[in-house]
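The block underneath contains the structure these notes are about, expressed in structure tokens.
Residue numbers (the working numbering): 2 to 346.
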């Protein structure tokens with residue numbers, strides 16, 4: 002394992018970090034310039050700002066090949082970390098099993114201590130490897146603005162759902178003012194008689210309502226009637242979430258088992274909340290030590306699939322890191338107890 006860790010090439014990440022630092026300096030100057038814009042001539046402001054922007058773009062162009070190299074090395078490093086974490090979890094289970102067998106009288110004290118020492122030695126070695134690999138991982142993460150860039154996924158803030166929502170209110174406004182006048186004209190049938198003060202119904206006035214044809218206003222609410230009735234819909238294999246602000250198309254996703262504890266079934270994720278746990282009612286049932294009845298859940302949101310740990314004692318891990326909640330990206334490794342799944346979208 003140490004040989005595999007030593008084969009990880011950190012040079013692309015270090016070079017990427019230097020370029021990122023230079024870019025942040027230039028972007029800071031651009032921001033300061035924008036605040037000082039009124040203090041200099043427009044020609045000077047535009048000339049200097051254009052120069053800085055050109056240099057920033059040059060650094061971005063230099064970063065692209067380095068980022069591709071860093072992604073490959075990061076994937077190898079992540080696989081090592083996942084393997085080490087799995088071995089540590091397995092060793093922890095072995096230690097619990099050994100302790101139980103000793104309490105049941107299967108081993109005497111001497112045999113128990115000997116076996117414990119062997120497990121502890123293995124755990125200590127693997128912890129050392131895990132810490133070394135984790136330090137390398139931190140250097141990779143420090144080289145980018147968002148960790149998801151290292152797995153080829155755009156940051157969460159890049160997609161612009163609000164832009165999709167903008168046409169919705171605009172399309173409704175032209176038809177909204179037309180129906181009220183037609184309804185008001187229908188009430189002009191009743192007038193007050195100047196002779197008796199009583200209200201008289203005058204059928205002869207009804208032809209006025211023909212000025213506003215009834216079918217025309219009724220056509221304006223037609224689009225909502227043809228739209229999906231539910232907030233969540235499947236269209237051509239794609240998930241579609243609807244809200245008052247936006248309609249977001251979601252790519253199909255699935256959880257692929259990575260070890261025997263996770264079983265052999267690949268679980269498809271749809272537009273409903275999926276619960277993982279030991280309870281018989283859980284959508285994805287997981288057995289074994291450290292798994293609570295309702296351990297974690299995956300909820301589809303406008304940003305993507307969102308994993309939440311249900312305040313469990315042993316926690317939920319994503320890519321070997323214990324998390325309370327996490328927006329999942331493709332190839333994330335989710336661990337509940339000893340079971341590990343790969344999230345793929």
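C-beta atoms are modelled at their ideal positions from N, C-alpha and C, and glycine is treated no differently.
By the C-beta density criterion, residue 36 is exposed, having fewer than 16 other C-beta atoms within 10 angstroms. DSSP places residue 301 outside any alpha helix (DSSP H); the residue lies instead in the beta strand (DSSP E), whose first and last residues are 297 to 302.
In this structure the stretch 323 to 342 lies against the stretch 90 to 98, because at least three pairs of beta carbons, one per stretch, are closer than 8 Å.
The stretch 33 to 53 makes no contact with the stretch 78 to 87, as fewer than three CB pairs between them are under 8 Å. Here residue 327 has 308, 319 as same chain residues with Cβ atoms under 7 Å from its own Cβ, once five neighbours each way along the sequence are excluded. In the structure shown, residue 326 falls within a strand segment according to DSSP collapsed to helix, strand and coil. About 10 Å separates the CB atoms of residue 140 and residue 12; that is not less than 8 Å, and the two are not in contact. Between residue 262 and residue 279, the CB-CB gap reaches or exceeds 8 Å. With 16 or more other Cβ atoms from the protein chains shown falling within 10 Å of its own Cβ, residue 298 counts as buried.
Per DSSP, reduced to three states, the secondary structure at residue 103 is helical.
The Cβ atoms of residue 269 and residue 253 lie closer than 8 Å to each other. Between residue 20 and residue 57 the beta-carbon gap is near 10 Å, outside 8 Å, which marks them as no contact.
Residue pairing for residue 336: DSSP places it in a beta bridge opposite 318, 341.
For residue 16, the closest of 106, 59, 64, 43 by C-alpha to C-alpha distance is 64.
For residue 82 and residue 256, the gap between their C-alpha atoms comes out near 20 Å.
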